[in-house]
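Here my numbering is used: the sequence shown runs in plain steps of one and ends on residue 186.
In this text, a Cβ means the ideal position worked out from N, Cα and C, and glycines have one as well.
This one's a predicted model, so the numbers in the text were calculated from it and none came from an experiment.
Worksheet: one structure, shown below.
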Amino acid sequence: SESLKLPLDKIFQQYLETVQIPVLEYYFSENNTKVHFRWTNCVDGFNLPILLSDNGRQLYINPEANQWKETNIDPAKTWLAKPAEIEQYFYIIAKQIK
């Protein structure tokens, strides 16, 4: 936790004390300039950050359990946020909702 400057207690609690697979729910604004996201199916306080990158393009989001958050996004980066792209790097279920 000190090295990463990230509290890991809820991440460990999620993966070591439950059998639930966290679900990352997300959707884009109509013009694809914002992405909205949250964690569900997880312990209260679960806060695993997500970083996706490819050829210098990066998408970083820091979802919280059961609370919608949003961030601006370059419309050219929306392809990074495809369920298969996310799930290959994290033990989660990624679900794009409308």
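Kindly indicate which residue of C130, Q108, N119 has the alpha-carbon position closest to the one of A153. In the sequence shown, residue 153 corresponds to position 65, counting from 1. A153 has its Cα closest to that of C130, out of C130, Q108, N119.
**OP:** Determine the DSSP secondary structure at K183, reduced to helix, strand or coil.
**Re:** Locating residue 183 in the sequence shown gives position 95, where the first residue counts as 1. Three-state DSSP puts K183 in a strand.
(request) Could you please give the first and the last residue of the uninterrupted beta strand (DSSP E) stretch that includes F116? (result) Counting from one through the sequence shown, the residue named residue 116 turns up at place 28. Unbroken beta strand (DSSP E) run through F116: 111 to 116.
Q.
From the DSSP secondary-structure annotation, give me the bridge partner or partners of W127.
A. Against the sequence shown, residue 127 aligns to sequence position 39. W127 pairs with L112, A153.
* **Host beta strand (DSSP E) of L140 (start-end)** => In the sequence shown, residue 140 corresponds to position 52, counting from 1. 138 to 142 is the span of the beta strand (DSSP E), which, as asked, contains L140.
Fill in: One or two residues paired with L104 in a DSSP bridge
Walking along the sequence shown from the start, residue 104 turns up at place 16. For L104, which the question treats as bridged, DSSP gives no partner whatsoever.
Check: Using the beta-carbon count (16 or more within 10 Å), is V107 buried or exposed?
Finding: Along the sequence shown, one-based indexing puts residue 107 at 19. Looking at its Cβ environment, which holds fewer than 16 other Cβ atoms inside 10 Å, V107 is exposed.
Worksheet item: Quick one: what does DSSP say E90 is sitting in, helix, strand or coil?
Response: As a working note, residue 90 is residue 2 in the sequence shown. Residue state, collapsed to three classes: coil.
| Over what stretch of residues does the alpha helix (DSSP H) that includes A169 continue unbroken? | Here residue 169 is taken as the residue at index 81 of the sequence shown, counted from 1. Careful: A169 lies outside any alpha helix (DSSP H) and carries neither H nor E.
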